[in-house]
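In what follows, a single structure is set out as structure tokens and then discussed.
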Amino acid sequence: MAFRHGCITTSFRHPLLLLFFCFLSPASFSDAYIPSTLDGPFTPVTVQLDTTLRGKADDLPDTDPRVLRRNTGLEPKLLTPGFDALTDVLISWITGEFLIPTNVKSLDQTSIDSIVQYGTSSDSLTHTATGYSLGIVHHVRITGLKPSTVYYYRCADPSRNATSDIYHFKTTATMDMAQEPRHEQSSGRSDLHCETT
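As numbered in mature numbering (1 follows the signal peptide of the UniProt record, and there is no 0), residues -32 to -1, 1 to 165 make up the sequence shown, in order.
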């Protein structure tokens, strides 16, 4: 493609190939054309669910080993880098059991605490961070950490006088490492974290 004398010219050496691509354009297949959001707005269309597509799927019973809960208390289930992976971390864990939706009573959220005690020594967890819970799922964000530093932590619920074992993680040393978290599996926990064990 070139720009000469105020107009664009092309030197296409294979006119048959150009003709072939013209026939493959979406405009030539109006019945098979898949519109994009730029073609909208569209009127929503509701269609009946085709029950023949379900197949032979069965729900697993809660006693199946594939869905049994592996942790027994406040063991953290997920540790992820926070908004700034050099200085932030988000710790999530699950307490209690899942509920089958029959006669479900909602939990009093004010009676559930989500607390992480942490520090740079396993003998001295001098800092406390609080978070929130969504029923039995707890989330606590710790901010203001130092890069390339090992931190020890445990999850706690003072209302139940319960704490987890002590775990540790290491904040990332550089922004390059912070942008590429590692995925690991260990001792039945699924962790996504940076330089964490």
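Virtual Cβ for every residue (Gly too), placed ideally from N, Cα, C.
request  = Would you be able to state if there are at least three C-beta pairs under 8 Å between the stretch 119 to 130 and the stretch 82 to 99?
outcome  = Contact between the stretch 82 to 99 and the stretch 119 to 130 is present, because at least three Cβ pairs lie under 8 Å.
task = Using DSSP bridges, identify the partner residues of residue 197.
result = Because the chain spans -32 through 165 in this model, residue 197 falls outside it and cannot be assessed.
message = Can you give me the C-alpha to C-alpha distance between Lys138 and Ser116, rounded to a whole angstrom?
response = Lys138 and Ser116 have their C-alpha atoms spaced approximately 6 Å apart.
request  = Answer yes or no: do Val108 and Ile59 have a C-beta to C-beta separation smaller than 7 Å?
outcome  = Result yes, Cβ atoms of Val108 and Ile59 sit closer than 7 Å.
ask   = So what does DSSP say about Ile59, is it helix, strand or coil?
value = The DSSP-derived three-state label of Ile59 is strand.
Secondary structure of Leu21, DSSP reduced to three states = Leu21 carries a helical assignment under DSSP once its states are collapsed to helix, strand and coil.
request  = Please classify Ser(-5): does DSSP put it in a helix, a strand, or coil?
outcome  = Confidence in Ser(-5) is poor, its pLDDT being 48 and thus under 50, which makes the residue's placement unreliable; the coordinate value appears in the next sentence. Helix, per DSSP.
message = Suppose you measure from the CA of Val15 to the CA of Leu102; what does that come to, to the nearest Å?
response = Near 34 Å, if we compare the C-alpha coordinates of Leu102 and Val15.
key: Inter-residue Cα distance where the pair is Thr55 and Asp30   = The straight-line gap from Cα to Cα measures roughly 39 Å.
message = Cutting at 8 Å between CB atoms, please list the residues of its own chain near Pro33, excluding the five before and the five after it.
response = Cβ neighbours of Pro33 within its own chain (closer than 8 Å, five residues either side excluded): none.
inquiry  = Suppose the cutoff is 6 Å on Cβ atoms and the five residues either side in sequence are ignored; what does the same chain contact list for Leu113 look like?
reply    = Closer than 6 Å at the Cβ level, and outside the excluded window around Leu113, lie Thr55, Thr139.
message = When you compare the CB positions of Tyr120 and His136, do they come within less than 7 Å of one another, or not?
response = For Tyr120 and His136, yes; Cβs fall inside 7 Å.
task = Could you check what DSSP says for Asp7 in three-state terms: helix, strand or coil?
result = It is helical.
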